[in-house]
Amino acid sequence: DYDRWNQYPIGERYRELERLREKNSVIERAKAFRANFTSKLRGLEGSRDVEIGAIDRDIAAELARMGHTDRLLIADAGLAIPDSTRVIDLSLAENVPTAVDVLKELLKHFSVEGIILSQATLDVSPSREREFKACFPPELPCQVVGHPYFRDELTRQVKFAIRTGDFTANSNIILISAGGPRWYCEKS
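In structure tokens form, the structure reads like this:
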């Protein structure tokens, strides 16, 4: 054994061990870097999700309560909405946001099987009527009712209302909730 240990290349083995330790150190630093990067990325994604959720959390909560054929109102800045109707006020400034802006964003998260407009929208703001209808397929049912009925009765029947900063006269629309495209129907 003495000869074997006496001839053992200890210096060479020590250098090899140091090379392995250095490689191991590089691997450990890479793992730490990756874990830190992944953690930061998750944090950024979480911050973004919290930010997005904070912007529309009241609307999201109300949409979650909606059932098939329930109604919601997107209202301009001036529509008289009864105190008994829950209102989420998004108005920030004159025409910010508009009813069309809110409608377009809402349609990303909400299925509609019909709309209700006031006759006043057609009479006073026909371009707004066209903007509203352009957001839907042409075959979507659209009911037009008198403005007093819209204002005095239908605003009481909606699940909730979203007030906008829209100053275009009679920029009001009621959306009728659909079942959504996720439902399977054996026969159409």
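Residue numbers for the sequence shown follow the numbering used here, beginning at 22 and rising by one. Think of the CB as a built atom: it goes at the ideal place given N, C-alpha and C, for glycine as much as any other residue. Every value quoted in this text rests on a predicted model; they were computed, and no experiment measured them.
Could you pull the DSSP bridge partners for residue i from this structure?
{"i": "F181", "result": "L93"}
{"i": "Q164", "result": "I137"}
{"i": "D110", "result": "R184"}
{"i": "I80", "result": "None, per the DSSP bridge assignment."}
Take residue i as the anchor and find which of the options has the nearest alpha-carbon.
{"i": "Y170", "options": "E150, N193, K154", "result": "N193"}
{"i": "H168", "options": "N45, A101, T119, S46", "result": "A101"}
{"i": "K180", "options": "M87, D173, R149", "result": "M87"}
{"i": "P159", "options": "Q140, R151, Q28", "result": "R151"}
{"i": "A81", "options": "D24, L127, P147, P30", "result": "L127"}
Throw me the rounded Cβ distance for the residue i and residue j pair, which I believe falls under 8 angstroms.
{"i": "L93", "j": "L196", "result": "5 angstroms"}
{"i": "L84", "j": "H130", "result": "6 angstroms"}
{"i": "S132", "j": "S198", "result": "7 angstroms"}
{"i": "V121", "j": "L143", "result": "The Cβ separation is near 16 angstroms, so there is no contact."}
Measuring CB to CB, does residue i end up less than 7 angstroms from residue j?
{"i": "I95", "j": "L124", "result": "yes"}
{"i": "L185", "j": "L111", "result": "Sequence check: residue 185 is Thr here, not Leu. Yes, the pair counts as a contact, with Cβ atoms nearer than the cut-off."}
{"i": "N191", "j": "V145", "result": "yes"}
{"i": "Y183", "j": "I136", "result": "Note that residue 183 is Ile in the sequence shown, not Tyr. Contact flag unset, no."}
{"i": "D187", "j": "A98", "result": "yes"}
{"i": "R172", "j": "P103", "result": "no"}
Using the three-state DSSP reduction, which class does residue i fall into: helix, strand or coil?
{"i": "I102", "result": "coil"}
{"i": "D22", "result": "coil"}
{"i": "L41", "result": "helix"}
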